[in-house]
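This report refers to the structure that appears directly beneath it.
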Amino acid sequence: MRRLLIALTAVAAMGSDWPQFLGPSRNGTYPDALAGLSLKNASLLWKKTVGAGFSSPVVAQGKLILFHRVDNKETLECFEPQSGKRIWAFEYPTSYRDDFGFDEGPRGTPAVADGKVFSFGAEGVLHAVDLATGKKIWRVDTHAKFGVRKGFFGAAASPLVEGKALYLNVGGPNGGGIVAFDIQSGNALWNATNDDAGYSSPIAVTLGGSRTILFFTREGLVAADPAKGTIRFRFPWKSRSQSSINAAVPVVSGDLIFASASYGTGAVVLDVSRGQTKQIWTSDESLSSHYATSVLSNGYLYGFHGRQEMGPSLRCVELKTGKVMWSVEGFGSGTLMLAGNRLLIVRESGEAVLAEATPKAFTSDSKVQLLPTVVRSYAALADGVLFVRNENTMAAWRVSAGK
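According to the working numbering, the sequence shown holds residues 486 to 888 in order.
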């Protein structure tokens with residue numbers, strides 16, 4: 486009985502973490518149902534000044550991690566989640582400059598696994614540091630190693646850890662497009678393709694009964710064998726314009742893959758159940774994602790349609806058909822996550838909105854202003870607390886009365 490209780494406690498603790506980009510399952514879904522989730526009773530626990538960047542906070546094993554730029558240093562900083570008190574910081578110099586005048590902090594969100602924190606900076610420097618102390622374990626300059634050319638907005642992929650390997654869109658020519666690294670040493674285990682990185686992040690999924698690492702590069706979808714890097718299939722999907730931005734992470738349901746991009750690219754659903762990439766539907770009028778990744782609930786996608794700077798709409802779309810079930814026009818940009826049967830939407834304006842995940846209609850039941858605009862980073866939800874940041878502030882809000 487004691488062993489069972491310990492095991493259940495461990496599972497519950499893991500379920501309360503948000504240890505990587507898009508959460509524990511890397512699909513924007515929080516595993517706890519959170520029946521008491523409500524923004525009506527949301528209370529601010531703390532807030533503090535932070536540096537630049539689009540990187541999202543992550544929470545794991547009782548620690549809150551933020552990757553940001555303070556002056557001319559990219560900084561990994563560890564805090565106590567409940568108080569915001571700093572535990573440690575690891576920093577290194579950066580000279581990244583954004584050619585389009587955007588924020589010059591890191592874009593990719595760290596991943597916590599195996600007692601380590603893995604970060605990928607705007608100039609393509611990959612680090613592993615000790616979760617307990619912040620001490621550097623290893624460093625790889627991926628752009629120097631793989632000859633990566635500077636893209637529009639810097640390196641933006643969020644590291645994916647699966648087993649003993651870390652996977653990244655690196656974007657190098659001559660076989661350095663996608664790379665797997667050993668999490669203990671930082672050595673490259675394999676590398677493949679010549680694809681530019683794009684701005685999406687890899688996911689680990691099971692397709693056709695086989696574990697697969699799925700990348701959405703600037704050229705399109707690439708499915709790779711986790712151990713050897715053998716390419717299982719490719720599906721070109723990119724804008725015809727030079728400003729091609731593949732940024733949203735694909736959504737997978739069984740053997741169906743939903744991929745979406747803006748700039749006239751649109752959305753596509755593929756069926757890969759028989760070892761082929763069969764196109765089920767495609768449309769630029771259904772759910773064309775710019776940056777934000779959609780979430781899936783009971784066969785329906787929820788996400789943003791349209792360019793970020795043009796006031797996109799919030800939509801519900803049937804996965805298998807592309808049918809638009811409802812659309813809130815001019816909703817504006819933001820990000821969303823799924824907690825139980827509810828959508829938790831954080832708008833770029835800094836307002837959080839809670840709504841039912843239903844194809845019948847969009848109905849919000851509560852909202853709260855978390856931070857002043859502009860909020861472009863994903864929030865993290867852990868143990869009933871929502872961690873959110875804008876361009877210069879991070880805040881912690883308790884959003885569950887049951888925790």
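The beta carbon of each residue, even a glycine, is placed where N, CA and C say it ideally should be.
Quick caveat, the model's predicted, so the values are computed rather than measured.
A640 is not a Cβ neighbour of G662, given a cutoff of 7 Å.
Between K649 and the set A545, Q764, G671, the nearest pair of CA atoms involves G671.
Partner residues in a beta bridge of A642, as assigned by DSSP, do not exist. With a cutoff of 7 Å on beta-carbon distance, T806 and G835 are scored as not near each other. In the DSSP annotation of this structure, T627 is not part of any beta strand (DSSP E); the continuous alpha helix (DSSP H) holding it starts and ends at 627-631.
The beta strand (DSSP E) runs lying completely inside the stretch 806-877 and spanning 3 residues or more are 809-813, 819-824, 827-832, 836-841, 849-854, 865-867, 870-874, given in chain order. Straight-line spacing of the CA atoms in D626 and S604 works out to 12 Å. Looking at the DSSP output, S540 shares a beta bridge with no other residue. Counting C-beta pairs closer than 8 Å gives three or more between the stretch 673-693 and the stretch 734-746, which meets the contact rule. Secondary-structure assignment with DSSP links V690 through a beta bridge to T697. In the displayed model, Q727 falls within coil according to three-state DSSP, outside both helix and strand. Its chain contains F631, G632, V633 as the residues whose beta carbon lies nearer than 6 Å to that of G657, once the 5 sequence neighbours on both sides are disregarded; these appear in chain order. For D502, there is no enclosing beta strand (DSSP E), as DSSP gives it neither H nor E. Put simply, the stretch 723-734 touches the stretch 762-780. At least three CB pairs are less than 8 Å apart. For Q546, there is no enclosing beta strand (DSSP E), as DSSP marks it with neither H nor E. Sorting A574, V873, D517, Y652 by C-alpha distance to the C-alpha of G619 places A574 at the top. In the assembly as shown, G508 is a buried residue. Its beta-carbon has 16 or more other beta-carbons within 10 Å. In terms of Cα proximity to K852, the closest of Y515, W503, A527, S501 is A527.
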